[in-house]
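>
Protein chains: 2
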Amino acid sequence: MKQLLSSINIKINENIFLKNPESSELGKKIIAGSIDLINKMGFEAFTFKKLGQAIGSTEASIYRYFESKHKLLLYLNCWYWSWTEYKMMFGLANISSPEERLRKAILLLTQEVVEDNSFMHINELKLNQIVISESSKAYLTKEVDQDNKLGAYTVQKQLVQRVSDIILEINPTYKYPHMLISTVIEGAHLQRYFAEHLPRLTDTSDKDDYITSFYTELVFKAIEK
Amino acid sequence: MKQLLSSINIKINENIFLKNPESSELGKKIIAGSIDLINKMGFEAFTFKKLGQAIGSTEASIYRYFESKHKLLLYLNCWYWSWTEYKMMFGLANISSPEERLRKAILLLTQEVVEDNSFMHINELKLNQIVISESSKAYLTKEVDQDNKLGAYTVQKQLVQRVSDIILEINPTYKYPHMLISTVIEGAHLQRYFAEHLPRLTDTSDKDDYITSFYTELVFKAIEK
DNA sequence: CAAAAACTGATAGTAATACTATTATTTTTG
DNA sequence: CAAAAATAATAGTATTACTATCAGTTTTTG
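If you read the protein sequences in the order shown, they are chains R and E.
Counting in my numbering, the first sequence runs from 19 upward without gaps.
Counting in my numbering, the second sequence runs from 19 upward without gaps.
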């Protein structure tokens, strides 16, 4: 898997950047550095000036890659979901039972990212943290509709569609497959955040992965005929 | 209900404001005006200067009520959830069946706010929109833990606890009542946002309230013994 | 009812942010 | 190796998120 993934390069919608960060060393430093910095200081406090200092470059140079820090966040978000989609495609291949495929899909969507597959310059662990804490800021803005037109959320939609299709394979009459899956995706991230910062909004345990268990059970009961 | 609610005044945690906005005309204008403006332009573009202009006052005067626009958002959030808790308390009173209480609770948590009970200067409809689009920004920050210590999220926690207790009344062995309810609360808001801006992440229909139906079904199936 | 206290508005000021523009230098590539 | 492209260095602008000061007005309270 590690080998396999490392040889694939994740393609990001071209509308999101001005110059592809994968196309140069500086670009890669911008991505790696931003993952680091946003994780450390939060998206609000993060600036291109600070990023420039951190990676030994300048504000102006970074602006040649991304129009704004909001676009950079869209980029990271896109990357994360494309990466998740790849993991999903490989993870579900060769599983014939739709129930097993669904189970695996939920696992992939809800489990904690622990190992760093070290996708070159991208630390998936830190990126996962960012997606948990910051990604909703990528769409909860007055520019959603514009960004949506640019295709900034296409990958998420695809992912939701893909898993919804599995649900419909199992129960073709289930009425809310998209709602169910988007509830699981966003919910799982939120529950991880709550577990760390607002534990009374969730149920925690040291044992196994409560979050995955909860959502797996939830989905299978929901779609039961 | 309208009469009843109007006579109650919602008490907000004193740590959140510098001076209680309920204590003066200017304070009330700040709240009413901010609900209006944040709704119109989004939290990011909203500033105290613009608010001052909108309500015929000044930036400096507003800063005497709230330390920052973030604190003002916490205030609006607190107000909304306190209001929801009141609606819940009245709505659930005298219902003896825990199943019926749970059903009503889910309805109150997931339904669209349509009428404006006109709680004096507060437009609940607009406030509901703000909570949908902006409230996650109230906790997805690097200051969560501090704000949590101030008690900024106490009402939400209480609400989750209250509904969890109903679940446990129905099924005392259910393992994830808090996760289930916080998933419903946040999920319902998110689904409304998706329905408006990212419809492929949800399932829509013109007919009845799909969101309430979905979450009601989800919860009852989840807690089945 | 007078003095004190609190409140508000007006104005000014600061450091930082989110950019844009210009030019010089370095690197790439044909 | 020359032309083109990319980057660094620097400067500049409007706006933001505040803080500070002060004077006039209202409210409190002894």
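Don't be surprised by glycine CBs; every beta carbon is placed ideally from N, CA and C.
Considering only DSSP beta bridges, list what isoleucine 150 of chain E is partnered with.
For the purposes of this step, residue 150 of chain E is taken as residue 132 along the second sequence, with counting starting at 1. Paired residue(s): none; isoleucine 150 of chain E is not in a bridge.
> Is the beta carbon of serine 100 of chain E less than 8 Å from the beta carbon of valine 173 of chain E?
Counting from one through the second sequence, the residue named residue 100 of chain E turns up at place 82. Counting from one through the second sequence, the residue named residue 173 of chain E turns up at place 155. Against a cut-off of 8 Å, the Cβ pair of valine 173 of chain E and serine 100 of chain E comes out as a contact.
> Our contact map puts asparagine 31 of chain E next to leucine 168 of chain E with C-beta atoms below 8 Å; I'd like the distance itself, whole angstroms only.
Walking along the second sequence from the start, residue 31 of chain E turns up at place 13. Walking along the second sequence from the start, residue 168 of chain E turns up at place 150. Their Cβ separation, rounded to whole angstroms, is 7 Å, which keeps asparagine 31 of chain E and leucine 168 of chain E in contact under 8 Å.
> Compare the C-alpha of serine 192 of chain E against each of R:Thr65, R:Lys47, R:Ala123, R:Phe232 and name the closest.
Working through the second sequence from its first residue, we reach residue 192 of chain E at position 174. Note that residue 192 of chain E is tyrosine in the sequence shown here, rather than serine. Residue R:Phe232 is the option with its Cα nearest to tyrosine 192 of chain E.
> 8 Å is my cut-off, CB to CB: does histidine 207 of chain R come that close to chain E?
Position 189 of the first sequence holds residue 207 of chain R. No, because no Cβ of chain E sits closer than 8 Å to the Cβ of histidine 207 of chain R.
> Which residues in chain E sit within 7 Å of aspartate 163 of chain R, going by Cβ to Cβ distance?
Numbered from 1 along the first sequence, position 145 holds the residue referred to as residue 163 of chain R. Residues of chain E passing the Cβ test: His215.
> Helix, strand or coil, according to DSSP, for isoleucine 124 of chain R in the structure here?
Residue 124 of chain R sits at position 106 when you count from the first residue of the first sequence. Residue state, collapsed to three classes: helix.
> Going along the chain, which residues of the segment 131–152 of chain E sit with their C-beta nearer than 8 Å to a C-beta in chain R?
So the list reads Ser151, Glu152, given in the order they occur along the chain.
> Name the residue from R:Arg180, R:Val132, R:Pro39, R:Phe66 whose alpha carbon lies nearest to the alpha carbon of histidine 139 of chain R.
Numbered from its first residue, the first sequence carries residue 139 of chain R at position 121. Histidine 139 of chain R has its Cα closest to that of R:Pro39, out of R:Arg180, R:Val132, R:Pro39, R:Phe66.
> Residues in the same chain with beta-carbon distance under 8 Å from phenylalanine 132 of chain R, minus the five sequence neighbours each way, listed in chain order, please.
As a position in the first sequence, residue 132 of chain R is number 114, starting the count at 1. Phenylalanine is not the amino acid found at residue 132 of chain R; the sequence shown has valine there. Only Leu143 meet the Cβ criterion.
> Within the same chain, show all residues whose beta-carbon is closer than 6 Å to that of methionine 19 of chain R, passing over the 5 residues directly before and after it, in chain order.
One-based indexing of the first sequence puts residue 19 of chain R at position 1. Because methionine 19 of chain R carries a pLDDT of 48, less than 50, the predicted location of this residue cannot be relied on, and the following value inherits that uncertainty. Within the same chain, methionine 19 of chain R has no close Cβ partners at all.
> How long is the line joining the alpha carbons of asparagine 146 of chain E and threonine 159 of chain E, rounded to whole angstroms?
Numbered from 1 along the second sequence, position 128 holds the residue referred to as residue 146 of chain E. Numbered from 1 along the second sequence, position 141 holds the residue referred to as residue 159 of chain E. Straight-line Cα distance between these residues: approximately 21 Å.
> Relative to chain E, which residues along the segment 57–75 of chain R have a C-beta separation below 8 Å, given in chain order?
Correct list: Met59, Gly60, Glu62, Ala63.
> Could you confirm whether any beta carbon from chain R is found closer than 8 Å to the beta carbon of alanine 170 of chain E?
For this step, residue 170 of chain E is matched to residue 152 along the second sequence. By this cut-off, alanine 170 of chain E is not an interface position.
> Output needed in chain order: residues of the segment 87–98 of chain E with a Cβ under 7 Å from some Cβ in chain R.
Per Cβ criterion, the list is empty.
> Would you kindly report the start and end of the unbroken alpha helix (DSSP H) that includes glycine 51 of chain R?
To locate residue 51 of chain R, count along the first sequence from 1; it is residue 33. Segment 43–63, the alpha helix (DSSP H) holding glycine 51 of chain R.
> With 16 as the cutoff for other CB atoms within 10 Å, does threonine 102 of chain E come out buried or exposed?
Numbered from its first residue, the second sequence carries residue 102 of chain E at position 84. Burial call: buried.
> In its own chain, which residues sit with a C-beta less than 7 Å from the C-beta of asparagine 189 of chain R, not counting the 5 before and 5 after it?
Start at 1 with the first residue of the first sequence, and residue 189 of chain R comes out as number 171. These residues qualify, in order along the chain: Ile241, Lys243.
> To the nearest angstrom, how far is it from the Cα of arginine 218 of chain E to the Cα of leucine 44 of chain R?
Against the second sequence, residue 218 of chain E aligns to sequence position 200. Against the first sequence, residue 44 of chain R aligns to sequence position 26. Their backbone Cα atoms lie some 36 Å apart in a straight line.
> Please classify glycine 51 of chain E as buried or exposed, where buried requires at least 16 neighbouring CB atoms within 10 angstroms.
Counting from 1 along the second sequence, the entry for residue 51 of chain E is found at position 33. Buried, since its Cβ has 16 or more Cβ neighbours within 10 Å.
> Return helix, strand or coil for isoleucine 203 of chain R, following the three-state DSSP convention.
The residue you call residue 203 of chain R lines up with position 185 of the first sequence. Isoleucine 203 of chain R: helix per DSSP, three-state reduction.
> Nearest CA to the CA of isoleucine 199 of chain E: which residue from E:Ser182, E:Val149, E:Gly74?
What you label residue 199 of chain E is simply residue 181 of the second sequence in a count that begins at 1. Per the Cα distances, E:Ser182.
> Tell me the rounded alpha-carbon separation between lysine 155 of chain R and lysine 47 of chain E.
Here residue 155 of chain R refers to the residue found at position 137 when the first sequence is read from its first residue. Here residue 47 of chain E refers to the residue found at position 29 when the second sequence is read from its first residue. Cα to Cα, lysine 155 of chain R sits roughly 28 Å from lysine 47 of chain E.
> Check for me: the alpha helix (DSSP H) holding glutamate 103 of chain E runs from which residue to which?
To locate residue 103 of chain E, count along the second sequence from 1; it is residue 85. 87–110 is the extent of the alpha helix (DSSP H) around glutamate 103 of chain E.
> Within the same chain, show all residues whose beta-carbon is closer than 8 Å to that of lysine 68 of chain E, passing over the 5 residues directly before and after it, in chain order.
Walking along the second sequence from the start, residue 68 of chain E turns up at place 50. These residues qualify, in order along the chain: Leu55, Met59.
> Is the beta carbon of methionine 197 of chain R less than 8 Å from the beta carbon of threonine 230 of chain E?
Counted from its first residue, the first sequence places residue 197 of chain R at position 179. Counted from its first residue, the second sequence places residue 230 of chain E at position 212. Not a contact, by the Cβ cut-off of 8 Å.
> On a Cα-Cα basis, can you pick out the residue from E:Gly109, E:Gly74, E:Thr201 that is closest to arginine 210 of chain R?
Here residue 210 of chain R refers to the residue found at position 192 of the first sequence. The candidate whose alpha carbon is nearest that of arginine 210 of chain R is E:Thr201.
> Between arginine 121 of chain E and serine 86 of chain R, what straight-line distance do the alpha-carbon atoms span, to the nearest angstrom?
For the purposes of this step, residue 121 of chain E is taken as the residue at position 103 of the second sequence. For the purposes of this step, residue 86 of chain R is taken as the residue at position 68 of the first sequence. Whole-angstrom Cα-Cα distance: 45 Å.
> Taking the alpha carbon of valine 237 of chain E as the reference point, which residue from E:Ala213, E:Phe212, E:Gly205, E:Ser223 has its own alpha carbon closest?
Indexing the second sequence from 1 puts residue 237 of chain E at position 219. For valine 237 of chain E, the nearest C-alpha among the options comes from E:Gly205.
> Note down the Cα distance separating asparagine 166 of chain R from serine 41 of chain E, rounded to an integer number of angstroms.
In the first sequence, residue 166 of chain R corresponds to position 148, counting from 1. In the second sequence, residue 41 of chain E corresponds to position 23, counting from 1. Each residue's Cα considered, the two are about 43 Å apart.
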